[in-house]
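Take the sequence shown: its position 30, counted from the start at 1, is 30 in UniProt numbering, and no numbers get skipped.
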Amino acid sequence: MTLLTFRFAPSPNGALHLGHAYSALLNQKLARTAGGRLLLRIEDIDTARCTPELEAGIYRDLEWLGLEWERPVRRQSGHFADYAGLLDRLVQEGLVYPAFMSRGEIRAFIADSGKAASWPRDPDGAPLYPAVDKALPDKERQRRIADGAPFSWRLDMRAATARAGEGLCWTEFTDETLSASRQVEAQPQAWGDVVIARRDVPTSYHLAVVADDALQGISHVVRGMDLYRATGVQRLLQELLGFPAPRHFHHRLILGPDGRKLSKSFRDTGLAALREAGATPGDVRRAVGLE
Numbered sequence: 001m002t003l004l005t006f007r008f009a010p011s012p013n014g015a016l017h018l019g020h021a022y023s024a025l026l027n028q029k030l031a032r033t034a035g036g037r038l039l040l041r042i043e044d045i046d047t048a049r050c051t052p053e054l055e056a057g058i059y060r061d062l063e064w065l066g067l068e069w070e071r072p073v074r075r076q077s078g079h080f081a082d083y084a085g086l087l088d089r090l091v092q093e094g095l096v097y098p099a100f101m102s103r104g105e106i107r108a109f110i111a112d113s114g115k116a117a118s119w120p121r122d123p124d125g126a127p128l129y130p131a132v133d134k135a136l137p138d139k140e141r142q143r144r145i146a147d148g149a150p151f152s153w154r155l156d157m158r159a160a161t162a163r164a165g166e167g168l169c170w171t172e173f174t175d176e177t178l179s180a181s182r183q184v185e186a187q188p189q190a191w192g193d194v195v196i197a198r199r200d201v202p203t204s205y206h207l208a209v210v211a212d213d214a215l216q217g218i219s220h221v222v223r224g225m226d227l228y229r230a231t232g233v234q235r236l237l238q239e240l241l242g243f244p245a246p247r248h249f250h251h252r253l254i255l256g257p258d259g260r261k262l263s264k265s266f267r268d269t270g271l272a273a274l275r276e277a278g279a280t281p282g283d284v285r286r287a288v289g290l291e
């Protein structure tokens, strides 16, 4: 019998807060209830912002909470070669292309088009990438790359969704007991030609997370509702790369005093600050509604 496998996957680019505590503790609770496994993954592909000091802080906070996980911990920065191999597959299959426009150039292009007011935007509110670079001849692409022009690898969403076919869905649990579920239609096209990798880092969050979930045998992805819409892109990549599709539960978010989602800049809800102020792990559990 295959054990159910859960994971908590923070990024060491800031201190953990109450929202992270809820997600970590919920994953542990569900893994224990199912008699399954809990893995910890450090998602540190952003080597400019992620630091060893912040990573050490994650371990301190999680150990203080009483979280237990299997060793060794997978650190994404140690597996760039794995992601590069997957990127090369997508390149060879004509599903990604080098995109050279900067954010400023994107804004200028949209403004010059006269369609700024009606230009489509992704679920995060960013304008979709113009299709200009798709029309570049391969020789011109290679010349720009050889000249050192900055670029990102973007998914050709039209080609990718055509390859995947219709009916792409994922299984979403309806509450944190995981007792009932429904099928959700994936809508990756809402994101347009998303970034899959960059010139200096051969992956993006989307590519790395689907690769790691497949390699680690993750059966259940339990994470915040803020990542709900991103699941469509990840489900598409799983289909393109032949990876299994984990089941999902996107849990409620822990909000700050102003009603907004917590961020790592909210020191008053940071776990280290709460610990220093005399809070206990039990206090944290009660604060996030797990006791």
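Ideal Cβ placement from N, Cα and C applies to all residues, glycine included.
Nearest candidate by alpha-carbon position, reference residue i, set the options
{"i": "Gln92", "options": "Arg103, Ala111, Asp138, Asp133", "result": "Asp138"}
{"i": "Ala208", "options": "Ala287, Arg32, Trp64, Ile45", "result": "Ile45"}
{"i": "His206", "options": "Ala214, Val195, Thr171", "result": "Val195"}
{"i": "Glu55", "options": "Leu67, Ala48, Ala15, Gly36", "result": "Ala15"}
{"i": "Leu290", "options": "Asn13, Leu30, Glu68", "result": "Leu30"}
{"i": "residue 293", "options": "Ala272, Gly192, Pro257", "result": "Residue numbering for the chain in the displayed model covers 1 to 291; residue 293 lies beyond these limits and cannot be assessed."}
{"i": "Arg252", "options": "Leu227, Ala245, Glu166, Tyr83", "result": "Leu227"}
{"i": "Gly145", "options": "Gly278, Arg199, Arg182, Gly35", "result": "Residue 145 is actually Ile in this sequence, not Gly. Out of Gly278, Arg199, Arg182, Gly35, Arg199 has the C-alpha closest to the C-alpha of Ile145."}
{"i": "Gln234", "options": "Leu155, Phe109, Arg121", "result": "Leu155"}
Cutoff 6 Å; reference residue i; Cβ partners in own chain excluding five residues on either side
{"i": "Gly232", "result": "Ala186, Gln187, Pro188"}
{"i": "Ser204", "result": "Val195, Ile196, Ala197"}
Burial state of residue i, where buried means 16 or more other Cβ atoms lie within 10 Å
{"i": "Thr5", "result": "buried"}
{"i": "Gly19", "result": "buried"}
{"i": "Thr174", "result": "exposed"}
{"i": "Cys169", "result": "exposed"}
{"i": "Ala230", "result": "buried"}
{"i": "Leu255", "result": "exposed"}
{"i": "Asp213", "result": "buried"}
{"i": "Glu239", "result": "buried"}
{"i": "Asp88", "result": "exposed"}
Close beta carbons around residue i, own chain, < 8 Å, minus the five adjacent residues each side
{"i": "Arg107", "result": "Pro127"}
{"i": "Gly148", "result": "none"}
{"i": "Leu271", "result": "Ala15, Leu16, His17, Leu18, His20, Ala21, Asp61, Trp64, Leu65, Val284"}
{"i": "Glu216", "result": "The sequence as given places Gln at residue 216; Glu does not occur at that position. Cβ neighbours of Gln216 beyond the five flanking positions: Thr5, Arg7, Leu39, Arg41, Arg74."}
{"i": "Arg37", "result": "Leu3, Leu4, Thr5, Phe6, Ala31, Glu70"}
{"i": "Ser181", "result": "Thr171, Glu172, Phe173, Thr174, Arg247"}
{"i": "Leu262", "result": "His17, Leu18, Gly19, Leu253, Ile254, Leu255, Gly256, Thr269"}
Integer Cβ distance of residue i from residue j, believed to fall under 8 Å
{"i": "Leu23", "j": "Arg223", "result": "In the sequence as displayed, the identity of residue 23 is Ser instead of Leu. 6 Å between Cβ atoms; contact."}
{"i": "Glu70", "j": "Leu95", "result": "With a Cβ gap of about 34 Å, Glu70 and Leu95 do not count as contacting."}
{"i": "Ala211", "j": "Leu86", "result": "6 Å"}
{"i": "Pro130", "j": "Phe109", "result": "5 Å"}
{"i": "Arg141", "j": "Pro98", "result": "5 Å"}
{"i": "Thr51", "j": "Ser77", "result": "Their Cβ separation, rounded to whole angstroms, is 11 Å, which puts Thr51 and Ser77 out of contact at 8 Å."}
Backbone secondary structure at residue i - three-state DSSP
{"i": "Lys261", "result": "strand"}
{"i": "Gly270", "result": "strand"}
{"i": "Leu30", "result": "helix"}
{"i": "Val222", "result": "strand"}
{"i": "Trp191", "result": "helix"}
{"i": "Arg144", "result": "helix"}
{"i": "Gln76", "result": "helix"}
{"i": "Ile45", "result": "coil"}
{"i": "Ala117", "result": "helix"}
{"i": "Leu38", "result": "strand"}
{"i": "Trp64", "result": "helix"}
{"i": "Glu105", "result": "helix"}
{"i": "Glu70", "result": "strand"}
{"i": "Leu241", "result": "helix"}
Same chain, Cβ closer than 7 Å to residue i, five either side skipped, listed in chain order
{"i": "Ala160", "result": "Leu95, Leu236, Leu240"}
{"i": "Ala245", "result": "Trp170, Arg235, Gln238"}
{"i": "Arg49", "result": "Asn13"}
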